[in-house]
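Asker: If you count by numbering that gives the first Met the number 0, then the sequence shown holds residues 0 to 160, one letter each, in order. For every residue, glycine included, the Cβ atom is placed at its ideal position computed from N, Cα and C. The structure's right below; bear with me while I get my questions together.
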Amino acid sequence: MSRHDAQAEAGACRVAAVPAEALKALAWIGPVLMLLGGAIGSGELLSEPAAGARYGGVLFWVILFGVTTKAFWNEAIGRVSIVTGQSFLEVCTDAGPAVAWVPWAWYAVNVFKDFFLRGGIMAIAGLVCYDSFGPLPMEWLGAEGIRTGAAHLAATEAQHV
0 MSRHDAQAEA GACRVAAVPA EALKALAWIG PVLMLLGGAI GSGELLSEPA AGARYGGVLF
60 WVILFGVTTK AFWNEAIGRV SIVTGQSFLE VCTDAGPAVA WVPWAWYAVN VFKDFFLRGG
120 IMAIAGLVCY DSFGPLPMEW LGAEGIRTGA AHLAATEAQH V
């Protein structure tokens, strides 16, 4: 019995159950469309014009599809959460084996995405530092580099005092 069912039996929440047909449709559509609709953010302001310049209008339908479905999925997931009192992933898990895989797919996609996102952020930060300060001496990587760096900072602070 789900938390929602227990609350409904106790009289704490009187909400109609989600129809089985809607859950079957959700399982058929899959998490890919939901993630695609929610994937439009500030990064796309840079990547989509670059993709447009590289590939022309061939991928324009992908942008239109993502933009038009984002609002729909955000509203639908919000409504499911308000009606059931559970998060969207809890609803998928409670719905049974037909859609219980959605949280795992969601998690796998986010882990995969975050792996490359973090790598990209580190690469960009490294390039900015390299362009700003030039190559750093390799001594900074070891214990000798830490001692040398601390001595350099102390000498710099002494000059400013």
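1. Going by DSSP in three states, SER161 sits in which element: helix, strand or coil?
2. Quick check for students: name the residue ranges of the alpha helix (DSSP H) that lie wholly in the region 86-113, counting only runs of 4 or more.
3. Could you tell me the distance, in whole angstroms, from the CA atom of ILE120 to the CA atom of PHE87?
4. Given that a residue counts as buried once 16 or more other Cβ atoms are within 10 Å of its Cβ, and exposed if not, what is ALA94?
Answerer: Let me lay it out:
1. Look at the range of the chain in this structure, 0 to 160, and you will see that residue 161 is not part of it.
2. 87-93
3. 29 Å
4. buried
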